[in-house]
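Written below as structure tokens is the structure these notes are about.
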Amino acid sequence: MEKKKGKRLPYGNTNFEKLRTENFVYIDKTRYIGLLENENNDKLFFTRPRKFGKSLFLSTLSYYYDINQANKFEQLFGDLYIGQHPTPKKNSYLVLEFDFSGLDTSSEADFKVSFSQKVQDVVYIFLENYSHLFPKGDIYCKQIDDQKPGVASLWKAFSAAKSIGKKIYVVIDEYDHVANDLIAMGTYKGDDMYRNLIWANGVIRDFYETLKEGSKTVIDRIILTGITPVMLDDVTSGFNISNNISLKKQYNEILGFTEEEVNILMEEVGIERNMINVNMEFLYNGYRFYADGEHKVYNPSMMLYLFDQIQSEGKTQNIIDENLKMDYGRVKRLIRNNREQLTEIAQNNSILSELSPKFSIDHLLDPDNFASLLFYLGLLTVDKVERGLIRLKIPNYSIRTVFWEYVKLLTAECNPDVLIDMKEQRTALIELAYSGNPHLFIEYVSKN
Numbered sequence: 016m017e018k019k020k021g022k023r024l025p026y027g028n029t030n031f032e033k034l035r036t037e038n039f040v041y042i043d044k045t046r047y048i049g050l051l052e053n054e055n056n057d058k059l060f061f062t063r064p065r066k067f068g069k070s071l072f073l074s075t076l077s078y079y080y081d082i083n084q085a086n087k088f089e090q091l092f093g094d095l096y097i098g099q100h101p102t103p104k105k106n107s108y109l110v111l112e113f114d115f116s117g118l119d120t121s122s123e124a125d126f127k128v129s130f131s132q133k134v135q136d137v138v139y140i141f142l143e144n145y146s147h148l149f150p151k152g153d154i155y156c157k158q159i160d161d162q163k164p165g166v167a168s169l170w171k172a173f174s175a176a177k178s179i180g181k182k183i184y185v186v187i188d189e190y191d192h193v194a195n196d197l198i199a200m201g202t203y204k205g206d207d208m209y210r211n212l213i214w215a216n217g218v219i220r221d222f223y224e225t226l227k228e229g230s231k232t233v234i235d236r237i238i239l240t241g242i243t244p245v246m247l248d249d250v251t252s253g254f255n256i257s258n259n260i261s262l263k264k265q266y267n268e269i270l271g272f273t274e275e276e277v278n279i280l281m282e283e284v285g286i287e288r289n290m291i292n293v294n295m296e297f298l299y300n301g302y303r304f305y306a307d308g309e310h311k312v313y314n315p316s317m318m319l320y321l322f323d324q325i326q327s328e329g330k331t332q333n334i335i336d337e338n339l340k341m342d343y344g345r346v347k348r349l350i351r352n353n354r355e356q357l358t359e360i361a362q363n364n365s366i367l368s369e370l371s372p373k374f375s376i377d378h379l380l381d382p383d384n385f386a387s388l389l390f391y392l393g394l395l396t397v398d399k400v401e402r403g404l405i406r407l408k409i410p411n412y413s414i415r416t417v418f419w420e421y422v423k424l425l426t427a428e429c430n431p432d433v434l435i436d437m438k439e440q441r442t443a444l445i446e447l448a449y450s451g452n453p454h455l456f457i458e459y460v461s462k463n
């Protein structure tokens with residue numbers, strides 16, 4: 016059967032302009048721009064699991080607020096929700112964009128150089144992007160070239176913006192990337208390096224303190240995203256992030272795909288239901304970030320990975336994107352220190368816990384914080400409230416397979432003579448998923 020021709024699948028693409036001008040599908044999340052703009056606090060922070068659409072959403076915000084993109088507004092946003100309901104601050108800012116992924120964490124000295132260079136490069140690009148507005152932009156750029164000021168280069172951006180009476184919107188992606196890398200290194204190296212970089216007079220603290228100073232004059236709005244809130248406590252004294260919207264009801268579906276959005280995606284790329292040979296809801300749905308959130312959401316990268324396989328191979332070859340599985344390896348060290356909780360989750364499919372809005376690296380191993388960390392990583396999701404606590408559960412079968420791989424590894428490390436045989440469980444689940452036959456699965460659950 017000939018495939019329907021449709022728009023391009025945005026698998027791996029996070030640039031908003033490219034999606035909107037090169038015939039990619041764009042799932043419209045712009046209705047949240049107005050909500051964010053109307054928040055009482057203009058310094059916003061939210062988390063979502065890796066590969067959940069954070070970078071694309073920040074790219075959308077950047078194009079919406081950038082004064083340089085005003086002449087493209089109709090082309091980029093005209094048929095979207097925000098194009099029909101524009102806010103007062105559209106295309107009114109100088110946008111300063113940071114992405115802190117890919118920094119060198121091999122040593123403390125290398126990180127300081129890498130981080131300082133990143134900040135300096137971003138400021139240099141900022142000055143070049145708005146050189147047509149800044150009367151002294153070339154002078155500031157030459158000063159950066161000559162002085163190599165690192166984090167202090169931010170003051171050049173502030174001075175340039177102040178000279179023309181314009182405000183800055185600061186966008187920060189992967190704010191916690193360094194923390195995740197250092198956590199994965201282990202207690203002795205990673206934790207000590209983390210403290211030296213973030214606490215006291217560390218380079219990261221200097222960065223956020225400088226932003227705080229800039230907020231008194233030219234910085235009007237700041238938005239940060241990341242995977243976990245692990246750095247929030249540690250940078251708070253340097254930068255008061257007072258509005259963490261991660262767990263607010265109205266933002267439950269700000270990222271991820273609802274069932275309706277999945278159907279829109281399928282229709283626009285030309286994928287019909289009879290082309291799908293797996294139970295998508297069973298494999299990829301189930302995420303909720305607020306107990307009474309109206310809809311559960313699908314992991315967007317997993318859905319795009321599934322549809323990419325269908326378009327290229329005609330069928331599903333693998334149910335889990337290997338790139339996502341690699342990310343779960345980051346919690347390996349933590350899992351070894353929380354065997355009891357992990358086993359409870361794997362056996363019961365859930366755990367009852369507090370859901371911590373933020374926590375320091377010194378308290379990662381606390382039981383409630385460990386369960387919360389798994390939630391922020393996307394390995395658990397909100398199920399319901401029970402007597403004031405949150406029931407966190409494994410969201411779907413794809414994530415459950417990852418948990419079971421850890422349990423098998425963990426059991427083998429604790430007792431090499433004990434191994435978990437996964438063949439029976441896998442056979443039962445495959446029969447359930449592909450044939451709709453629950454009998455082997457019921458038998459397996461009853462026996463185990």
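Add 15 to the 1-based position in the sequence shown for this note's numbering, that's all there is to it. Where is the CB? At the ideal position from N, CA and C, for every residue including glycine.
- It is roughly 39 angstroms from the alpha-carbon of residue 259 to the alpha-carbon of residue 161.
- Judged by beta-carbon spacing, residue 77 lies beyond the 7 angstroms limit of residue 29, meaning their Cβ atoms are not closer than that value.
- The alpha-carbon separation between residue 440 and residue 355 amounts to approximately 22 angstroms.
- Of the candidates 326, 353, 392, 261, 353 places its Cα closest to the Cα of residue 381.
- Here the segment 47–56 makes contact with the segment 91–111; the two share three or more CB pairs at distances below 8 angstroms.
- The beta carbon of residue 22 sits closer than 7 angstroms to those of 38, 39, 40, 283, 284, all from its chain and outside the five residues before and after it, given in chain order.
- Residue 449 sits exposed, since fewer than 16 C-beta atoms from the chains shown fall within 10 Å of its C-beta.
- A straight-line Cα-Cα distance of about 18 angstroms links residue 129 and residue 111.
- Take the alpha-carbon of residue 372 and the one of residue 59: they are about 14 angstroms apart.
- For residue 231, no beta strand (DSSP E) encloses it, and the DSSP letter there is neither H nor E.
- Of the candidates 102, 67, 89, 102 places its Cα closest to the Cα of residue 53.
- Judged by their CB atoms, residue 270 and residue 63 are nearer to each other than the 7 angstroms cut-off.
- For residue 238 and residue 187, the gap between their C-alpha atoms comes out near 6 angstroms.
- Assignment of residue 331 by DSSP, reduced to helix, strand and coil, places it in the coil class.
- As the crow flies, the alpha-carbon of residue 142 is around 14 angstroms from that of residue 167.
- Between the segment 73–88 and the segment 405–414, the count of Cβ pairs shorter than 8 angstroms is below three; the stretches do not touch.
- With respect to the C-alpha of residue 370, the residue from 364, 286, 379 having the closest C-alpha is 379.
- For residue 229, the CB contacts under 6 angstroms within the same chain, skipping 5 residues up- and downstream, are 173 in chain order.
- At least 7 angstroms separates the beta-carbon of residue 325 from that of residue 413.
- According to the DSSP assignment, residue 70 belongs to the alpha helix (DSSP H) that extends over 69–80.
- Here residue 308 is buried, its C-beta having at least 16 other C-beta atoms within 10 Å.
- Straight-line measurement puts the Cα of residue 33 at about 18 angstroms from the Cα of residue 66.
- Just measuring C-alpha positions, the residue of 401, 24, 164 sitting nearest residue 222 is 164.
- The alpha-carbon separation between residue 245 and residue 157 amounts to approximately 37 angstroms.
- Ranked by Cα distance from residue 106, the options 84, 193, 91 are led by 84.
- For the segment 139–198, the continuous beta strand (DSSP E) assignments of 3+ residues that do not extend past its boundaries occur at 183–188, in sequence order.
- Excluding five sequence positions before and after residue 367, the CB atoms of its chain that fall closer than 7 angstroms to its own CB belong to 401, 404, 406, given in chain order.
- The beta carbons of residue 445 and residue 276 sit no closer together than 7 angstroms.
- Taking the C-beta atoms as reference points, residue 181 is found no nearer than 7 angstroms to residue 262.
- A distance below 7 angstroms between beta-carbons, with the five flanking residues on each side excluded, links residue 213 to the following residues of its chain, in chain order: 219, 220, 246, 249, 250.
- Beyond the five residues adjoining it in sequence on each side, residue 411 comes within less than 7 angstroms, by CB distance, of 297, 298, 299, 300, 301 in the same chain, given in chain order.
- Counting only runs of 4+ residues, the alpha helix (DSSP H) found wholly inside the segment 86–112 occupies 88–92, 96–99, in chain order.
- Of the residues assessed, residue 183 falls on the buried side of the cut-off, its CB having 16 or more other CB atoms within 10 angstroms.
- Counting C-beta atoms within 10 angstroms of its own C-beta, residue 460 has fewer than 16 neighbours from the protein chains shown and is therefore classed as exposed.
- The three-state secondary structure of residue 225, taken from DSSP, is helix.
- Annotation for residue 365: the continuous beta strand (DSSP E) segment containing it runs 365–368.
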